[in-house]
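Here's the structure we're looking at; comments come further down.
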Amino acid sequence: MTIGSVLIANRGEIAVRIIKAAKALGIRTVQVHSAADADMLAVRLADEAIDIGSPAPKKSYLNIEAVIAAAKAAGVDAVHPGYGFLSENGDFADAVEAAGMIFIGPSGDAIRTLGDKVAARQVAAKAGVPTVPGSDGRVADLDEARALAARIGFPVMIKAAAGGGGRGIRIVADIAELEQQFPLASAEALAAFGDGGLYMEKVITRARHVEVQIFGDGQNFVHFFERECSLQRRRQKVWEEAPAFLLPADVRERLCGSAVALAREVGYRGAGTVEYLYDDERGDFYFIEVNTRIQVEHPVTEMITGFDLVQEMFKVAGGAALSVSQGDIRASGHAIECRINAEDPFKAFQPSPGTITKLSIPEGEGVRFDTMLYKDYTIPPFYDSLLGKLIVHAETRDACLAKLGVALQALVIEGVPTTVPLHLALARDASVAKGAFHTRFLEHWLDNDFAALAGRTQEVA
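Everything in the sequence shown is counted per the working numbering, starting at 1 for the first residue and increasing by one.
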């Protein structure tokens, strides 16, 4: 281990998570923050804190020069990017290394290759990973888009070649929609990622979103099994599970094996996630993309494997070989994570920043709450609304759902509306209990079932 100190180039709950992992390894922590985040929990927990700019992300958390300057001033050995912001920016990874520090993640070249959806599809195909029928590269213009749609058939998905998080995506059902949405998707991608390039793929109807946690040290590569992430609103995950429910053992073996093959193809280093669409009617799966960072939902994997993924990121980045081989990794029981956001599910999920007037966190075996909150903390209005993640673990999925309901009722967050009522309703929904859902399930469920299950009648669309 060559890392004695680290700068956390992020905020919120993931910054707190990284600080706790670093302290467990005896690593000194330096937290950067914007002017709006001077009082956040990560600042209070870190050994040192540095103000890097105004609230606007482009002037603070996305400002590579400011982050590098802070790291140099603090004299740290390494930089951990967390998720979001600069975590999948290959130029940032290169800048950290050029400044003589360790970037806790894959190389800049690997980030660029796997972060570009088209290049990643090509790598996946070379590694023998099934891909969704679609464009072999970027779609040059609308004429090429029309020809491709005629070949693979509607509906099709238009996707940003760079970036992620659901931005720059449009699902179109016919030529007229394609002609309307293609330029809009390009404009959104350009605004979000500085790259308006697009590619297209066939829409797999009623698909499930299943992803595999991979890890590598550049020479050795393993998986930590898969996660089910199909419950999404506007292509944003709200509830994740591990392992994927009702996934046949032979499919699990092929799915996880393909993810490791992809990691090996690029000599992957650090934590990453390979995402797939799974057609449970046919038993087929298709590659979507690679996230070259730690995921929001990593705790469910930690709960079923008993393994600290963030600590392993530090160890591998510090020069150590993977501490486990594939045969050492076992999955036990079931885990579910609920993303608790400062949003009002009864008012169209309107963001609700404000001051936390009361906070009570559930405790007990198999219950975990990763959060940025403390009593009297004022949530700034400039960033993502995620407040924390409630994770529960039990021997079976049924027991996990029951434990989740109890934990959600025990979780008290007052002062701002949150999505806790949404998760309580999902926890007692019959279709969720049976695992009878897919990536488009939640939107329909919100329109038809949420208000009744939550005991409220306000607008939820």
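Quick reminder that beta carbons are idealized off the backbone N, C-alpha and C, glycines included.
The structure presented is a predicted model; accordingly, all values stated were derived computationally and were not measured.
{"Query": "So the alpha helix (DSSP H) Arg264 belongs to, where does it begin and stop?", "Result": "Ala249 to Glu265"}
{"Query": "Sorted by chain position, which residues of the same chain lie with C-beta nearer than 6 Å to Ser385's C-beta, five sequence neighbours on each side aside?", "Result": "Asn341, Ala342, Glu343 and Pro351"}
{"Query": "Locate the alpha helix (DSSP H) running through Leu148, then write down its first and last residues.", "Result": "Leu142 to Ile152"}
{"Query": "List the endpoints of the continuous beta strand (DSSP E) containing Arg397.", "Result": "It is not in any beta strand (DSSP E) - Arg397 instead sits in the alpha helix (DSSP H) that spans Arg397 to Ala410."}
{"Query": "Helix, strand or coil: how does DSSP classify Met157 here?", "Result": "strand"}
{"Query": "Specify whether the stretch 203-217 and the stretch 296-309 touch according to this definition: at least 3 beta carbon pairs, one from each stretch, less than 8 Å apart.", "Result": "yes"}
{"Query": "Check Pro351 in the structure and name its three-state DSSP category.", "Result": "strand"}
{"Query": "Please state whether the Cβ-Cβ distance between Phe193 and Ile158 is less than 8 Å.", "Result": "no"}
{"Query": "Within the same chain, show all residues whose beta-carbon is closer than 7 Å to that of Ala145, passing over the 5 residues directly before and after it, in chain order.", "Result": "Val139, Leu178, Phe182 and Met200"}
{"Query": "Between which two residues does the beta strand (DSSP E) carrying Ser34 extend?", "Result": "Arg28 to Ser34"}
{"Query": "State the CB to CB distance for the pair Glu275 and Asn291, rounded to an integer number of angstroms; the pair is presumed to be in contact (CB under 8 Å).", "Result": "7 Å"}
{"Query": "How long is the line joining the alpha carbons of Ala120 and Lys58, rounded to whole angstroms?", "Result": "27 Å"}
{"Query": "Under the assumption that Leu411 contacts Val420 (Cβ atoms under 8 Å), give the Cβ distance between them as a whole number of angstroms.", "Result": "6 Å"}
{"Query": "Counting Cβ pairs, one atom from each stretch, are 3 or more of them under 8 Å apart for the stretch 255-264 and the stretch 113-128?", "Result": "yes"}
{"Query": "Are His334 and Leu277 closer than 8 Å when you measure CB to CB?", "Result": "no"}
{"Query": "Enumerate in chain order the residues of its own chain whose CB-to-CB distance from Lys72 is below 7 Å, with the five nearest sequence positions on each side excluded.", "Result": "Ala99"}
{"Query": "May I have the straight-line CA-CA distance separating Ala24 from Ala187, to the nearest angstrom?", "Result": "44 Å"}
{"Query": "Apart from the five residues just before and just after Met40, which ones in its own chain have a Cβ nearer than 8 Å to its Cβ?", "Result": "Arg11, Gly12, Ala15, His33, Met372 and Tyr377"}
{"Query": "Who are the near neighbours of Ile329 in its chain, counting only those whose CB is closer than 8 Å to its CB and skipping five residues on each side?", "Result": "Val222, His223, Phe224, Phe225, Thr305 and Phe307"}
{"Query": "Tell me, which residues are paired with Lys237 by DSSP?", "Result": "Gln232"}
{"Query": "How is Asp279 classed by DSSP in three states: helix, strand or coil?", "Result": "strand"}
{"Query": "Cα-Cα, which of Tyr374, Phe349, Gly354 and Ser5 is closest to Ile361?", "Result": "Tyr374"}
{"Query": "With a cut-off of 8 Å on the beta carbons, I'd call Glu495 and Thr357 a contact; round off their distance for me.", "Result": "One cannot answer for residue 495 here, as it falls past the ends of the chain, which runs 1 to 461."}
{"Query": "Confirm, please, whether the CB-CB distance from Gly318 to Met101 is below 8 Å.", "Result": "no"}
{"Query": "In angstroms with no decimal places, state the Cα-to-Cα distance between Ile50 and His298.", "Result": "27 Å"}
{"Query": "For Ala162 versus Asp94, is the C-beta distance shorter than 8 Å?", "Result": "no"}
{"Query": "For the beta strand (DSSP E) holding Val392, just list the boundary residues, first then last.", "Result": "Leu386 to Ala394"}
{"Query": "Would you list, in sequence order, the uninterrupted alpha helix (DSSP H) runs of no fewer than 4 residues that lie entirely inside the stretch 268-333?", "Result": "298-305 and 309-317"}
{"Query": "Do you know how far the Cα of Phe287 is from the Cα of Ala149?", "Result": "19 Å"}
{"Query": "Looking at the unbroken alpha helix (DSSP H) that takes in Phe441, where does it start and where does it end?", "Result": "Phe441 to Asn448"}
{"Query": "Roughly how many whole angstroms lie between the Cα atoms of Ala147 and Asp77?", "Result": "51 Å"}
{"Query": "Buried or exposed: Met249, going by 16 or more other Cβ atoms within 10 Å of its Cβ?", "Result": "Note that residue 249 is Ala in the sequence shown here, rather than Met. Ala249 is exposed by the Cβ-count criterion."}
{"Query": "Throw me the rounded Cβ distance for the Asp30 and Val6 pair, which I believe falls under 8 Å.", "Result": "The sequence shown places Val at residue 30, not Asp. Right, the Cβ-Cβ distance comes to about 7 Å (below 8 Å), so this counts as a contact."}
{"Query": "Alpha carbon to alpha carbon, what distance is there between Leu62 and Val79?", "Result": "14 Å"}
{"Query": "What is the residue span of the alpha helix (DSSP H) that Val43 lies within?", "Result": "Leu41 to Leu45"}
{"Query": "Based on the DSSP output, what are the partners of Ile171 in its beta bridges?", "Result": "Met157"}
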